[in-house]
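Visitor: What follows is a structure written as structure tokens; I'll ask about it next.
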Amino acid sequence: MAAGASSAKAVVADVSSESGWDAIRSAIGDDTVDLLVLNAGLSMGSPFASLSERKEAMGIMKHLMDVNYMGSVGVLDACLGAMRQAEGGVRLLVVSSVVGLVAPPTRTGYAASKFALKGFFNALRVELGMSEQVPPTITLAYPGAVKTNINRARLRGGVDGGSGAVDLELDKSMSADRCASIMVRAHAAGCRDVYYSIDGTRVGAVKTRLLRHLAFFFPAGADKVLAKSIGAMSKSRRQVKGLLKGVAKLVIASSRFQPTPS
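Below is the structure:
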């Protein structure tokens, strides 16, 4: 409403289920939909091998695809008829992730679901461009590190969070409000893609753009950059480093200040 919409309707629904899609379709009724924002999503944070050892891998992979990919396509399917009737044509803002451009470690299933979004909506843009009188406006946004609960709520497996789970340091991350403002303005301007910093820093913004080309021409080099970026953002790695430094200082101190025997 604050962005200028004349009306809004709230629908509580599970975007990964057919009953949820039916609820959305029923709520729309004969109305038109001027803009659809697809933002529902889950993440993950454990190596695939660790999840596989615990026999949890496929359940997590399926859940990620059901919500992140099928959830977006299912909601679109429920809304598309009403969107095609809108005066401005089909307008879609799809919230993907920088992980939908390059695939870092511990995000296998998440990356797969976001790469799937890119393929689907790029193909849909061409299809609708051929069939609709008004060309569609489909914008894919690729946020990097953003201060939201998605990192805290990510799927890791296991009662204790899963073996090999990686926590990310998000202190330098972009706020959710700023992230949303950027993608809304980009969609209003008709942009196809919106790229963000991979880690919330200015250097990370350059990395995102370079990694897209590096992954195509020098994939092995891109793998090393991704591993280093995730490692630098890992809380667990920083905590271990800090602990080791502290232990080293104690050892040095004890060796230097040995009490003199009486």
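Just so you know, we're using the working numbering here: the sequence shown kicks off at 1254 and counts up by one.
Where is the CB? At the ideal position from N, CA and C, for every residue including glycine.
1. Spell out the partners DSSP gives Y1448 in its beta bridges.
2. If distances are taken between C-alpha atoms only, which option among P1396, T1401 and L1381 comes closest to V1343?
3. Determine, using beta-carbon pairs with one atom in the stretch 1379–1394 and one in the stretch 1318–1329, whether at least three such pairs fall under 8 Å.
4. How would you call V1286, buried or exposed, if buried means at least 16 neighbouring beta carbons within 10 angstroms?
5. Taking 8 Å as the threshold (C-beta atoms), are D1446 and Y1518 in contact?
6. Roughly how many angstroms lie between the CA atoms of G1372 and A1473, to the nearest whole one?
7. Rounding to the nearest angstrom, what Cα-Cα distance links M1297 and A1310 in this structure?
8. Could you have a look at Q1492 and say whether DSSP puts it in helix, strand or coil?
9. In three-state DSSP terms, what is T1359?
10. Under 8 Å: do the stretch 1432–1439 and the stretch 1324–1333 share three or more Cβ pairs, one atom per stretch?
11. Report yes if the C-beta distance between V1347 and F1374 is below 8 Å; otherwise report no.
12. In chain order, what residues of the same chain lie with their CB nearer than 7 Å to the CB of R1377, ignoring the 5 residues before and after it?
13. Give me the Cβ distance between I1277 and V1328, rounded to the nearest whole Å; I'm assuming they're in contact under 8 Å.
14. Taking the straight line between their C-alpha atoms, what separation do you get for A1506 and A1480?
15. Figure out for me which residue from F1471, V1478 and I1451 has the closest Cα to the Cα of V1351.
16. For V1268, which residues of its own chain have a beta-carbon under 6 Å away from its beta-carbon, when the five flanking residues on both sides are left out?
17. For S1305 and T1359, which I take to be in contact (beta-carbon distance under 8 Å), what is that distance rounded to the nearest angstrom?
18. With DSSP as the reference, identify every bridge partner of L1289, one or two as the case may be.
19. On the DSSP letters alone, give me the boundaries of the alpha helix (DSSP H) that S1272 sits inside.
20. Please classify H1466: is it buried, with 16 or more other beta-carbons within 10 angstroms of its beta-carbon, or exposed?
21. What three-state label does DSSP hand K1400 in the structure shown?
Guide: Answer, in terms of the structure:
1. Secondary-structure assignment with DSSP links Y1448 through a beta bridge to Y1395.
2. Among P1396, T1401 and L1381, the Cα nearest to that of V1343 belongs to L1381.
3. They do not touch, by the three-pair rule.
4. Burial call: buried.
5. Nothing can be reported for residue 1518: it is not among the residues displayed for the chain, which extend from 1254 to 1515.
6. In this structure, the CA atom of G1372 is about 23 Å from the CA atom of A1473.
7. Roughly 11 Å separates the two Cα atoms.
8. No answer about Q1492 holds up, because its pLDDT of 42 lies below 50 and its placement is not dependable.
9. Coil, per DSSP.
10. The stretch 1432–1439 is not in contact with the stretch 1324–1333.
11. Yes.
12. For the record, residue 1377 in the displayed sequence is Leu; it is not Arg. The residues I1391, in chain order, have a CB closer than 7 Å to that of L1377 in the same chain once the five nearest residues on each side in sequence are set aside.
13. Right, their Cβ atoms sit about 6 Å apart.
14. Confidence at A1506 is low in this model, with a pLDDT of 39, below 50, so the placement of that residue should be treated as unreliable; the coordinate-derived value is given next. Here the alpha carbon of A1506 sits roughly 35 Å from the alpha carbon of A1480.
15. Closest option to V1351, Cα to Cα, is I1451.
16. Answer for V1268: A1293, G1324 and V1328, listed in chain order.
17. Contact annotation, S1305 with T1359: C-beta distance approximately 13 Å; criterion of less than 8 Å not satisfied.
18. L1289 is bridged by DSSP to L1345.
19. In the DSSP assignment, S1272 falls within the unbroken alpha helix (DSSP H) covering E1271 to I1281.
20. Its Cβ having fewer than 16 others within 10 Å, H1466 is exposed.
21. Annotated three-state conformation of K1400 is strand, per DSSP.
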